[in-house]
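J.: Take this structure first; my questions come after.
There are 2 protein chains.
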Amino acid sequence: MEPAINVLIAQFKTFAGKDGSSNTLSKEEFQSLVASQLTTLVKNASDPGVIDQLMSSLDQNNDGELTFLEFWQLIGTVASKHGGLSQ
Amino acid sequence: MEPAINVLIAQFKTFAGKDGSSNTLSKEEFQSLVASQLTTLVKNASDPGVIDQLMSSLDQNNDGELTFLEFWQLIGTVASKHGGLSQ
Numbered sequence: 001m002e003p004a005i006n007v008l009i010a011q012f013k014t015f016a017g018k019d020g021s022s023n024t025l026s027k028e029e030f031q032s033l034v035a036s037q038l039t040t041l042v043k044n045a046s047d048p049g050v051i052d053q054l055m056s057s058l059d060q061n062n063d064g065e066l067t068f069l070e071f072w073q074l075i076g077t078v079a080s081k082h083g084g085l086s087q
Numbered sequence: 001m002e003p004a005i006n007v008l009i010a011q012f013k014t015f016a017g018k019d020g021s022s023n024t025l026s027k028e029e030f031q032s033l034v035a036s037q038l039t040t041l042v043k044n045a046s047d048p049g050v051i052d053q054l055m056s057s058l059d060q061n062n063d064g065e066l067t068f069l070e071f072w073q074l075i076g077t078v079a080s081k082h083g084g085l086s087q
């Protein structure tokens with residue numbers, strides 16, 4: 001599993017490093033990541049309304065930036081549905 | 001990212017399917033997964049005390065089985081530390 005985990009960390013960092021804080025995703029970075037990397041898992045990944053809604057549902061401290069763990073939560077939720085593992 | 005996510009889902013299912021409920025990890029399945037798959041990310045992965053402690057910290061409803069999302073939380077926490085992304 002570790003090679004796959006390392007891929008996810010590296011790709012998060014690539015997108016998070018594009019502007020501002022290099023350890024968090026701004027809305028623009030999040031949109032860019034979802035639209036290019038999560039096209040199967042997130043329906044309508046290129047719809048700004050979908051991105052807005054996802055971003056606000058994940059950004060628990062509401063600062064406009066997603067931490068790795070906030071982002072990780074999204075992947076887990078969509079992956080569990082995709083994999084038929086949600087409760 | 002989706003290929004890496006699919007690897008993690010598939011490997012979770014492989015371990016979860018070994019006994020009992022095929023969608024959750026028993027303690028034995030969790031131990032087997034951690035000791036074989038997370039040797040870098042989890043220190044002392046073969047120590048039963050470490051496994052006991054991790055399992056009880058993750059098993060939020062305390063039923064002795066880890067769901068995918070409970071397990072996902074663990075990976076996110078250790079990955080964020082490993083990747084220098086923890087707050």
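Chains as they are written, first to last, in the UniProt record's numbering: chain A, 1 to 87; chain B, 1 to 87. For glycine and all other residues, C-beta sits at the position ideal for the given N, C-alpha and C.
Looking at the unbroken alpha helix (DSSP H) that takes in LYS81 of chain A, where does it start and where does it end?
T.: First-last of the alpha helix (DSSP H) with LYS81 of chain A: 68-82.
J.: At least one CB of chain A closer than 9 Å to the CB of residue 88 of chain B: is that the case?
T.: Here chain B has residues from 1 to 87 only, and residue 88 of chain B is not among them.
J.: Just mark GLY49 of chain A as buried or exposed, buried being the case when its beta carbon has 16 or more other beta carbons within 10 Å.
T.: With fewer than 16 other Cβ atoms within 10 Å, it is exposed.
J.: Just to check, is the beta-carbon of LEU54 of chain B closer than 8 Å to a non-hydrogen atom of the ligand NAD?
T.: The ligand NAD is not part of the structure shown, which contains no ligands of any sort.
J.: Please confirm whether ILE51 of chain A has its beta-carbon closer than 9 Å to some beta-carbon of chain B.
T.: No, ILE51 of chain A lies away from the interface with chain B (no Cβ there is under 9 Å from its Cβ).
J.: Helix, strand or coil for LEU54 of chain A? Go by DSSP, reduced to three states.
T.: The answer is helix: DSSP assigns LEU54 of chain A an H, G or I state.
J.: Are three or more beta carbon pairs between the stretch 24-41 of chain A and the stretch 60-78 of chain A nearer than 8 Å?
T.: Yes: at least three Cβ pairs fall under 8 Å.
J.: Return the bridge partner residues of SER26 of chain B from the DSSP annotation.
T.: Note: SER26 of chain B sits in a beta bridge opposite B:GLU65.
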